[in-house]
Amino acid sequence: VISAFLLVSVVFIPLGIVSLLASQDVVEIIDRYETVCVPESRRNDTIGYIQSADNKKCFRRLNVTKQMKQPIYVYYQLDNFYQNHRRYVKSRSDQQLEDPNSENDTSDCKPEDVTANGSAIVPCGLIAWSLFNDTYVFSRNSSPLAVNKTDISWKSDREHKFGKDVFPKNFQNGTLKGGAILNASIPVSFSPLIHHLTVSLPT
């Protein structure tokens, strides 16, 4: 038993040291803006503010205290979203996302499957309907920084799971919270693709 532990330690201690050294080079900046970007006078009714036509641009200053090496990744985090809920995970149509001829395959997408007149919603389902639509623009010393949004998903997903000729149709009622709609000229293989890749944890 002791020899087994020694063998395991010989293998994993160097790996641990390498991982520790690599993690020390990671630069992470977290900025929470869900409160500060809402005017003080509207913080008692945040949903009303989100649904309103008010200008919602918000400027945040991020202080970078350590050199950041390329590539630099930008992520968003949602708390208490529970995207691993069984009903939420199943509320989608893979066939519809792959093939434009399968747009009426909405049997698994209820309650967001068809419009009031029976037209299929593309993409359908709760996952697509809850699309996170905050957008970010970065600058340094008032000079815009380019953000590359292409090819940030798995190549296999872009080529096999999401059709490049599948475009949004009848998507999202703009009066709902957030009020955003998908651009009907951009295929689902680009913009909402990442959003459809749920993970095992709630947030």
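Quick note on numbering: the UniProt record's numbering labels position 144 of the sequence shown as 144, and the sequence is numbered without any gaps.
Note that beta-carbon positions come from the ideal geometry of N, C-alpha and C, so glycine has one too.
Quick caveat: nothing in here was measured; it's all calculated off a predicted structure.
Beta bridge counterpart(s) of residue i as assigned by DSSP
i    : result
A120 : V114
P144 : S139
Secondary structure of residue i, DSSP reduced to three states
i           : result
K169        : strand
T198        : coil
Y49         : helix
S41         : helix
E34         : coil
V89         : helix
residue 204 : This structure does not reach residue 204, given that the chain is present from 1 up to 203, and the question cannot be answered.
P187        : coil
P14         : helix
V64         : coil
L131        : coil
F5          : helix
K164        : coil
L78         : coil
E28         : coil
D157        : helix
Identity of the residue in the options nearest residue i by Cα
i    : options               : result
K110 : R43, I127, S102, S143 : I127
S139 : G16, S3, R60, E98     : R60
F162 : V27, R92, I47, A53    : R92
Y76  : S19, E34, Q70         : E34
R32  : I13, N141, L78, H85   : L78
Q83  : N183, R42, F132, S119 : F132
D165 : D108, L97, P71, V27   : L97
R86  : G125, S156, D99, Y49  : G125
I181 : D134, P144, A146      : D134
P100 : L21, P123, L20        : P123
L62  : H160, L201, N141      : N141
K56  : H160, V199, A22, R42  : R42
K69  : P39, A53, D25, Q51    : D25
Sequence-distant residues of its chain with Cβ nearer than 8 Å to residue i (five each side left out)
i    : result
I186 : F167, P168
C58  : Y33, V36, C37
V147 : V74, Y136, V137, F138
K90  : D108
T198 : Q83, N84, Y88, V89, I127
S3   : none
Own chain residues within Cβ distance below 6 Å of residue i, not counting five before or after
i    : result
W129 : E112
A120 : E103, N104, T106, V114
N170 : T115, S119, I121
K66  : V27
is_contact[residue i, chain C] using C-beta, thresh 7 Å
i    : result
A184 : The structure shown contains no chain C, having only a single protein chain.
Other residues of its chain near residue i: CB distance less than 7 Å, five sequence neighbours each side excluded
i   : result
Q95 : S102, D105
Those runs of the alpha helix (DSSP H) which lie wholly inside the UniProt region "Disordered" (92-111) and span at least 4 residues: 94-98
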